[in-house]
Structure formats: C-alpha cells, structure tokens
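So the structure is just underneath, and the comments pick up after that.
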C-alpha cells in the first residue's frame, strides 16, 4: 500500500488510499495526531529527546499532552525542518554525550511516524514524501538517506505544490496556481494539468523498488507540468514570533515558548473571530496575564514586518515567469490555497486582490498535498524543470573576489537535448589538472539569512545578494580532468560539455584541445534540484 507523508514545518499529514472505497483518506495515528473538530488529524511537527544515545524520543501531539513544548529545554525541538540541510551557525545541543543535529531530529521524526503506521497493521510498501519547491539539494539528499534506513520497497519524492494541484482534483482545469503557505515556507507554483497524454508514469525515486503498482494500474497517465515557481522561508511560525515579540514589548513579560504558543492560539482564533483572548499564569511570579488581540492590530503587526510586501514579491516572480511563457494572469483557471497560514483572513484578501473569488479554492488546506501525492502511484507522470540556477566559481579580478558564472539557468527543462559548452584554459604554470566548483544559485533578487536568537531559529530575507550552495567543494570532487602534458596559461586547453539527464544528474564531457583526447565522457558530477 502506498503512503504519502506531507512533512511540514508546523504539522505533518499522513494519507493513504482506503482499500474499501479507493478514496484517499488522512490517517489518524494514536498519541501522535491532534484531535480537532475543525481540522483533519494533524501531527504537530514537534519532538522531545528523552535519551539521544538510545534513540528514545517523543513526538507529535504527545509532546503537547505531556507539557514538554512549554519549556526552553534543549531537548525540545520545533521548526526543525527549516534547519535540515542548511549550514546553520547557532544552537546545536549536546544530549547524552552526542551532538543532536536537525538532520538527526528529522530522521527520528519520520522513522517514528512510519513505525506508528505499521503499528496500525497498515502495510507500507511504497512511500511518497513531499518537499518544498525551493529546497536545496542538501535537503533532498538528506531525505534520500532517511529513505535508505526505512524498510520500504519504494520511496518517491514529489514537489508539494504539484501534489496540491493533484489533490484538489481539478484535472479539468488547465492552468492552476498553487499557494502553499504553511508554518515555515511560502511556495507558489503555476501548474498545468493535461489528461490527454498517454505516457508511462514517471516519478523521481529516492529508493528503487517494485514499480508494478504504478505501471500496472491500468489508468491513463495524467501529466502535471510545473510552469513557474517561487518560494521563500516565510510562514506561520514567523507570525507567531512577531506576535510574541509584540506582547513582550508592550506587557513587559519575559520572552518564553509559552508566549509563543499562546500567540499561535490567538492567531488561530482570529481566523474565525474579530477578537481573541488567552490567559497566562506566571508560576514563578504568581501573576496572571491576559493576552488580547484583535484583527486590526494583528494585521498591523503583519504590515510592520513587510509581510504583504514579501507576498507580493513572490507573486510577481511567478507572474513574470508565466508571462515569459505567454501566459497572462487571466489565463490562470484556478487558485488553490493550502497550508494553515492561508486560513488567515488577511491572506485570503491578499489573494483576492489578484484573482476573482470564483477561481479561489480553500476547502482542503491541510489534506490536498498528502492526498495529491498518493496519485503518483496511480499513473501520474510529473514533468518539471530545474528551480535553481547552477554555475561555476571563478576569480573575479576586477572585484578581487570569487564570483559565479551562470552555467544552467533556472527554468531549464530536463533531460536537456543540447549541452552547454564551456572552453577553459590553465591559470598556473605546469597545472596538472582542471578543477571546477559547481554551485547551486539562489534567487537573484535576494537570499535568506538563517540564524539563532536565543533558542529561536530565525530567517531573514537579504536584498541584493545571491545565495550560493557549493555542490562539490570537497577533496576529490573538484578535479574534473587530469592534464597530460600539464597546462600553461595563455590559451584554451579543454572544452567541457554540460547536460542534465532525466534523473537530474549534471553530466560532463571533457575534451583536451591540445591532444584531441576525450578525458571524460558523460560523467555524472552532482544531482540537481
């Protein structure tokens, strides 16, 4: 049986296809899932480490039930998805004699969820994980390593916005804009659905296994093609922190995880009513505080943090990409809202500034992604393009620093039919080899700084900078060709041809222009996102 897991910053959703009705359903996992009359069974993305050396952890709703989320204890982790695969300088605790990284916390979390599914006597033959649209390759590589540790035949990965488009079941609409706004990220994706094609199903496999379920389903393959993407690290947890900071500033209370949790409750209440109140008792000072917030003040706080300016920036990026492909805003047939943050009335009004209300759907904000990912095992083909640009590092003599030459631009479809050619010369006397450092380039409009403020993980957008994540900057990986005889400055020495294959591997062919020999032929270098 296929299981889909939408691993979110604030909440995680697990879905399967009901064997009796053949319809998707959200699984409720005992002790892990939160019970709510308004929402489906959601697993809070929380984890508490009881004993790191023995891999003993508590996660999900039971962390709240035991009161372990209302403390600054270093054993408590929330928003840890943001730190996975990111070079963070800051608080990484040592627990029970070992350093506990965000990657380790994430692996504990997902492994325990899969174990809890099996405890329900639900077979887990195939898994589909959904990933943010702007995740760097390090996150995807981490997810691949986690998959290898799971006793599952087949594990696949699918873009969260694409899964949402499939989950809403709007295959009769052609161009869909998915706005996925959860606890940690904002992802916008313009997706084109086409049910007329009849091709073999294709999914990006993290772990190879039996593909008979997908290939023998007998259903006509549907194609979900991503036309435009934009994303940034902005979500509900940022809003919670902004509210908590405002209360601390205006009431004189000490900053704590309790205030942040109460701020989150106020935010949720304000999605349904104009005014919200929470009571807080300070056990140390034996004082009671009443936290009160109305929608006007709430939206003013959002404006103070350039919340809507950031939303406009991402929307404009998607619409500009769409225009380059000949699509105007009127050509978008439907707008799908997913994630808890889309339930904020001000966010809905922001969307309505761009689109007619008849086109906007918000009836499955939590389940659309997980339920859509299930369709990957039911004859769905995913066509995609590279979200990031990729380049090589060079020494910029004018600026006296390293810069990056754009090699493959974002938006490039794959597999590539024509390679990118680059001619290089030696830079040193008797140079024995040619070395290249390949980097994954972030958005040209800015980058995200991630840092710690006490025990809080903070992200901040930096304008006018380009974030770069080197992919092969380590011993043994930089050298692409040995030169015999050695190279000398002053002339072209090698011709390098780059292409991206169907599995997103960047492959390189190197020809020695001096000896007319082929030094490398279609060798995989790194896997791109």
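Residue numbers (my numbering): 89 to 617. By construction, the Cβ of each residue, glycine as well, lies at the ideal position given by its N, Cα and C atoms.
Beta-carbon spacing of residue i, residue j below 8 Å
i           : j           : result
residue 103 : residue 113 : yes
residue 608 : residue 594 : no
residue 135 : residue 196 : yes
residue 569 : residue 582 : yes
residue 334 : residue 348 : no
residue 255 : residue 460 : yes
residue 426 : residue 584 : no
residue 527 : residue 507 : no
residue 413 : residue 315 : yes
residue 240 : residue 214 : yes
residue 270 : residue 324 : yes
residue 478 : residue 496 : yes
residue 354 : residue 331 : yes
residue 244 : residue 212 : no
For residue j and residue i, the rounded distance between their alpha carbons
i           : j           : result
residue 182 : residue 137 : 11 Å
residue 273 : residue 398 : 12 Å
residue 501 : residue 474 : 6 Å
residue 279 : residue 250 : 7 Å
residue 606 : residue 410 : 40 Å
residue 586 : residue 578 : 24 Å
residue 155 : residue 170 : 23 Å
residue 95  : residue 394 : 27 Å
residue 120 : residue 525 : 44 Å
residue 132 : residue 149 : 6 Å
residue 186 : residue 147 : 20 Å
residue 263 : residue 491 : 37 Å
residue 153 : residue 391 : 34 Å
residue 447 : residue 510 : 46 Å
residue 424 : residue 597 : 43 Å
residue 174 : residue 207 : 33 Å
residue 93  : residue 571 : 48 Å
residue 162 : residue 430 : 31 Å
Span of the alpha helix (DSSP H), counted from its first residue to its last, around residue i
i           : result
residue 613 : From DSSP, residue 613 is part of no alpha helix (DSSP H) but of the beta strand (DSSP E) over 605–615.
residue 579 : No alpha helix (DSSP H) contains residue 579, which DSSP labels as neither H nor E.
residue 485 : First-last for residue 485: undefined, no H or E at that position.
residue 328 : 324–339
residue 240 : It is not in any alpha helix (DSSP H) - residue 240 carries neither H nor E in the DSSP assignment.
residue 195 : 190–207
residue 253 : 248–255
residue 389 : 383–392
residue 352 : 345–357
residue 459 : 456–461
Cross-strand partners of residue i (DSSP beta bridge)
i           : result
residue 36  : This structure cannot settle anything about residue 36, because the visible part of the chain is limited to 89 through 617.
residue 593 : 615
residue 146 : 136
residue 319 : 275
residue 493 : 480
residue 567 : 523
residue 411 : Residue 411 is not bridged to any residue.
residue 368 : 377
residue 183 : 186
Neighbour-count burial assignment, residue i, 16 or more Cβ in a 10 Å radius
i           : result
residue 165 : buried
residue 369 : exposed
residue 283 : Because residue 283 sits at a pLDDT of 48, beneath the cut-off of 50, its placement in the model cannot be relied upon, and the point is left open.
residue 236 : exposed
residue 91  : buried
residue 374 : exposed
residue 321 : buried
residue 100 : buried
residue 228 : buried
residue 388 : exposed
residue 191 : buried
residue 503 : exposed
residue 248 : buried
residue 118 : exposed
residue 89  : exposed
residue 401 : buried
residue 573 : exposed
Beta strand (DSSP E) segment containing residue i, residue limits
i           : result
residue 511 : 508–513
residue 263 : 263–269
residue 443 : That residue, residue 443, is in no beta strand (DSSP E); it is neither H nor E in DSSP.
residue 172 : Unbroken run through residue 172: none, as it is neither H nor E.
residue 425 : 422–426
residue 91  : 90–95
residue 62  : No information on residue 62 is available, as it lies outside the stretch 89 to 617 that the chain covers here.
residue 220 : Element bounds for residue 220: n/a, residue is neither H nor E.
residue 112 : 112–114
The ligand GDP heavy atom lying under 7 Å from the CB of residue i
i           : result
residue 140 : Only the bare structure without any ligand can be found here, which leaves the ligand GDP out of the picture.
Residue-chain proximity (residue i, chain B), Cβ-Cβ < 8 Å
i           : result
residue 484 : Given the protein chain composition of this structure (a single chain), no chain B is represented.
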